[in-house]
Amino acid sequence: MEAALFVAWFEEAARLVRADRDRLTRLDAAIGDADHGTNLDRGLTEVLKALADTAIESEAQVLATAGATLIRRVGGASGPLYGSLFRQMGKALETPVTLAGFAAAFEEGVVAVERLGKAALGDKTMVDALAPASRALALAVRDGVGVREALDQAARAAADGSKATIPMQARKGRASYLGERSIGHEDPGAASSALFMAALATVAG
Amino acid sequence: MKKLINSADSVVEDALNGMAAAHPSLRIRDRVVYRADGPRPGKVGLVSGGGSGHEPLHAGFVGHGMLDAACPGEVFTSPVPDQIIDATKAVDGGAGVLHIVKNYTGDVLNFEMAAELAEGVEVVSVLVDDDVAVQDSLYTAGRRGTGATLFVEKMAGALAEEGAPLAEVAAVATEVDERSRSFGIALSSCTVPAAGKPTFDLPETDVELGIGIHGEPGRARVPMVSARELAGVAMEAVHSDLPLQGDLLVMVNGMGGTPLMELYVVFAEVAAFVRGKGARVTRSLVGNYVTSLEMQGFSVTVCRLDDRLTRLWDAPVETPGLRWGR
Numbered sequence: 024m025e026a027a028l029f030v031a032w033f034e035e036a037a038r039l040v041r042a043d044r045d046r047l048t049r050l051d052a053a054i055g056d057a058d059h060g061t062n063l064d065r066g067l068t069e070v071l072k073a074l075a076d077t078a079i080e081s082e083a084q085v086l087a088t089a090g091a092t093l094i095r096r097v098g099g100a101s102g103p104l105y106g107s108l109f110r111q112m113g114k115a116l117e118t119p120v121t122l123a124g125f126a127a128a129f130e131e132g133v134v135a136v137e138r139l140g141k142a143a144l145g146d147k148t149m150v151d152a153l154a155p156a157s158r159a160l161a162l163a164v165r166d167g168v169g170v171r172e173a174l175d176q177a178a179r180a181a182a183d184g185s186k187a188t189i190p191m192q193a194r195k196g197r198a199s200y201l202g203e204r205s206i207g208h209e210d211p212g213a214a215s216s217a218l219f220m221a222a223l224a225t226v227a228g
Numbered sequence: 042m043k044k045l046i047n048s049a050d051s052v053v054e055d056a057l058n059g060m061a062a063a064h065p066s067l068r069i070r071d072r073v074v075y076r077a078d079g080p081r082p083g084k085v086g087l088v089s090g091g092g093s094g095h096e097p098l099h100a101g102f103v104g105h106g107m108l109d110a111a112c113p114g115e116v117f118t119s120p121v122p123d124q125i126i127d128a129t130k131a132v133d134g135g136a137g138v139l140h141i142v143k144n145y146t147g148d149v150l151n152f153e154m155a156a157e158l159a160e161g162v163e164v165v166s167v168l169v170d171d172d173v174a175v176q177d178s179l180y181t182a183g184r185r186g187t188g189a190t191l192f193v194e195k196m197a198g199a200l201a202e203e204g205a206p207l208a209e210v211a212a213v214a215t216e217v218d219e220r221s222r223s224f225g226i227a228l229s230s231c232t233v234p235a236a237g238k239p240t241f242d243l244p245e246t247d248v249e250l251g252i253g254i255h256g257e258p259g260r261a262r263v264p265m266v267s268a269r270e271l272a273g274v275a276m277e278a279v280h281s282d283l284p285l286q287g288d289l290l291v292m293v294n295g296m297g298g299t300p301l302m303e304l305y306v307v308f309a310e311v312a313a314f315v316r317g318k319g320a321r322v323t324r325s326l327v328g329n330y331v332t333s334l335e336m337q338g339f340s341v342t343v344c345r346l347d348d349r350l351t352r353l354w355d356a357p358v359e360t361p362g363l364r365w366g367r
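Just so you know, the sequences run in chain order A and B.
Residue numbering for the first sequence follows the working numbering, beginning at 24 and increasing consecutively.
Residue numbering for the second sequence follows the working numbering, beginning at 42 and increasing consecutively.
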């Protein structure tokens with residue numbers, strides 16, 4: 024895994040989010056305030072600009088730049104949460120990047136998100152996609168699976184985790200204000216997290 | 042969607058340009074709205090902010106007796122830490138800065154980050170969480186901050202104007218929040234410019250109970266009834282959480298798309314409800330203050346006053362959105 028792959032990850036994530044912008048915003052309209060797709064699209068556009076303007080020296084730098092840009096440009100809850108995920112991953116990532124190293128850094132990133140959002144599995148947040156993806160990566164490392172297969176498994180776990188938020192009642196974030204009415208809707212943050220993992224699997228393939 | 046905008050992308054920027062042109066008392070720099078007369082040495086600085094679309098909150102409350110700076114985010118999206126850090130440093134007159142934060146996850150996270158990063162400035166944050174439609178428990182994000190934000194900004198702003206120290210200004214802000222409760226009802230949804238269509242569909246026959254200020258659906262949907270009954274629902278919710286007694290400051294706030302005539306119809310019912318509980322409305326405010334774009338509907342916010350809070354409420358204020366006594 025090299026720096027170029029990480030840049031490609033954000034390019035692909037930006038493409039997927041743009042393509043799915045209206046769906047993400049619709050999901051957010053159902054249980055939030057109808058801005059998740061547009062905010063994330065705007066933030067990732069800024070990330071690509073920042074990456075183009077930066078002389079990239081390492082994988083960690085790509086993640087740190089993306090994380091800082093999301094915090095500085097997105098606002099809302101998704102800016103700090105996604106920003107912390109990538110910034111913490113950047114801090115934890117060691118070079119040269121191995122699958123085991125990536126899985127460990129990803130886990131640290133997810134823990135940072137859980138801590139900042141005070142959210143756990145089952146609260147109907149992005150954690151419900153990210154934590155299963157992290158677990159899938161850890162299992163793949165344990166089983167000695169190759170990079171491409173490991174990232175495929177992580178992407179599937181994230182997608183399944185996102186779908187699993189549909190019957191949940193939200194306990195964190197703006198959706199929690201809806202109480203039982205949040206049941207029956209996929210969490211927009213989990214849905215966008217699944218897109219991030221799908222993007223990674225795509226560029227690694 | 043039919044809106045008076047140039048483009049969905051530039052709506053916040055364009056609105057701020059208009060504010061700057063209309064109000065010479067304001068100075069706008071890097072997406073922060075300041076008092077043009079700058080920080081006063083020795084005075085505690087008050088900074089608030091949140092998503093745009095709630096006008097006049099917050100930028101409309103920058104001025105003498107209220108805020109020193111406001112940080113407007115994108116529509117219904119909290120500001121970013123950079124804006125809050127800039128504002129915090131710029132308004133510090135050496136006495137520290139109070140952050141007034143509505144309890145919404147995005148606002149809380151971004152203000153927390155900014156407070157940590159605003160090195161060299163003493164910052165105290167006060168969380169506004171007055172909305173009784175939301176249950177406060179370990180399993181939710183806690184009550185939302187809505188209408189009481191205006192009360193906190195006004196009364197803490199008055200105390201800061203008198204030269205009180207940061208701890209005292211923060212204490213009164215917390216006290217106002219603790220003495221205040223709100224409940225909101227929507228007759229229609231609103232359209233976020235970037236989304237291009239109403240956030241939720243609400244049939245002519247129904248209303249949403251227990252809404253926030255971001256066009257998000259409420260706790261329940263029920264058939265439309267009279268203003269008296271709707272005012273009763275809102276006031277029962279407030280009263281059951283903080284019994285109405287003594288002198289009260291009562292705001293009937295329009296969500297942006299409700300005629301003033303209807304807000305007065307509601308206010309009459311609210312005042313009657315208060316009298317029925319043996320309490321008194323001694324101060325009042327009726328109008329569009331904490332809005333949700335063009336949403337039709339209203340919220341009621343009640344604050345139990347004492348002599349000191351009454352004095353702080355009456356103190357002179359001169360902002361685009363609130364102005365008296367000066």
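Each residue gets a CB set at the ideal place from its N, CA and C atoms; glycine is no exception.
- For Thr299 (chain B), no CB of chain A lies under 8 Å from its own CB, so it is not counted at the interface with that chain.
- Every beta strand (DSSP E) of 3 residues or more that sits fully in the stretch 232-314 of chain B is shown, in chain order, as 247-250, 261-264 and 288-295.
- Between the alpha carbons of Ala27 (chain A) and Val170 (chain A) lies a gap of roughly 16 Å.
- Under the Cβ distance rule, Asp43 (chain A) does not count among the residues neighbouring chain B, no pair being separated by less than 8 Å.
- Close to Arg185 (chain B), with beta-carbon spacing below 8 Å, are these residues of chain A in chain order: Tyr200.
- If you draw a straight line from the Cα of Leu191 (chain B) to the Cα of Leu98 (chain B), it comes to about 8 Å.
- Along the length of the stretch 158-227 of chain B, whole beta strand (DSSP E) runs at least 3 residues long occupy 164-169 and 221-227, reported in chain order.
- By the rule that beta-carbons nearer than 8 Å mark a contact, Gly196 (chain A) touches chain B.
- Per the DSSP secondary-structure output, Val30 (chain A) pairs with nothing in a beta bridge.
- With fewer than 16 other beta carbons inside 10 angstroms of its own, Ile46 (chain B) counts as exposed.
- One thing to note: Gly55 (chain A) has its Cβ no nearer than 8 Å to the Cβ of Arg44 (chain A).
- Pairing Ala83 (chain A) with Gly106 (chain A) gives a Cβ-Cβ distance that is not under 8 Å.
- As the crow flies, the alpha-carbon of Thr188 (chain A) is around 16 Å from that of Tyr180 (chain B).
- The beta carbon of Asn151 (chain B) sits closer than 8 Å to some beta carbon of chain A.
- Taking 8 Å as the threshold, the shortest C-beta distance from His255 (chain B) to chain A falls below it.
- Three or more beta-carbon pairs separated by less than 8 Å are not found between the stretch 126-140 of chain A and the stretch 199-208 of chain A, which leaves the two stretches without contact.
- Listed in chain order, the positions of the stretch 166-192 of chain B with a beta carbon within less than 7 Å of a beta carbon of chain A are Val175, Tyr180, Thr181, Ala182 and Arg185.
- One Cα belongs to His105 (chain B), the other to Ala62 (chain B), and the distance between them is close to 19 Å.
- Interface residue (Cβ-Cβ distance to chain A less than 8 Å): Ser119 (chain B) is classified as such.
- By the criterion of at least three beta-carbon pairs nearer than 8 Å, the stretch 250-261 of chain B is not in contact with the stretch 65-75 of chain A.
- Cα atoms of Leu122 (chain A) and Val164 (chain A): separation of roughly 7 Å, rounded to the nearest angstrom.
- An exposed status is given to Ser48 (chain B), since fewer than 16 other beta-carbon atoms sit within 10 Å of its beta-carbon.
- DSSP places Arg76 (chain B) in no alpha helix (DSSP H) but in the uninterrupted beta strand (DSSP E) bounded by Val73 to Arg76.
- In terms of beta-carbon proximity, Phe241 (chain B) lines the interface with chain A, with at least one pair separated by less than 8 Å.
- Straight-line spacing of the CA atoms in Met154 (chain B) and Glu137 (chain A) works out to 16 Å.
- Within 9 Å of the CB of Glu96 (chain B), no CB atom of chain A is found; the nearest one sits about 16 Å away.
- In the DSSP assignment, Arg204 (chain A) falls outside any beta strand (DSSP E) and carries neither an H nor an E.
- Straight-line spacing of the CA atoms in Val217 (chain B) and Gly188 (chain B) works out to 12 Å.
- Using a 10 angstroms sphere on the CB of Val175 (chain B), the tally of other CB atoms reaches 16 or more, which defines it as buried.
- In the structure shown, Val134 (chain A) adopts helical secondary structure according to DSSP, grouped into three states.
- Annotation: Gly298 (chain B) to Asn58 (chain B) spans about 23 Å, alpha carbon to alpha carbon.
- Contact between Val293 (chain B) and Phe339 (chain B) holds, with the beta-carbon distance rounding to 6 Å and staying under 8 Å.
- Using a Cβ distance threshold of 8 Å, Ala221 (chain A) and Leu39 (chain A) count as a contacting pair.
- Partner residues in the beta bridge of Ile69 (chain B), as assigned by DSSP, are B:Val74.
- Relative to the Cα of Asp172 (chain B), the nearest Cα in the group B:Val315, B:Met196 and B:Val343 belongs to B:Val343.
- The beta-carbon distance between Val103 (chain B) and Thr360 (chain B), rounded to whole angstroms, is 6 Å. This is short enough to meet the 8 Å contact definition.
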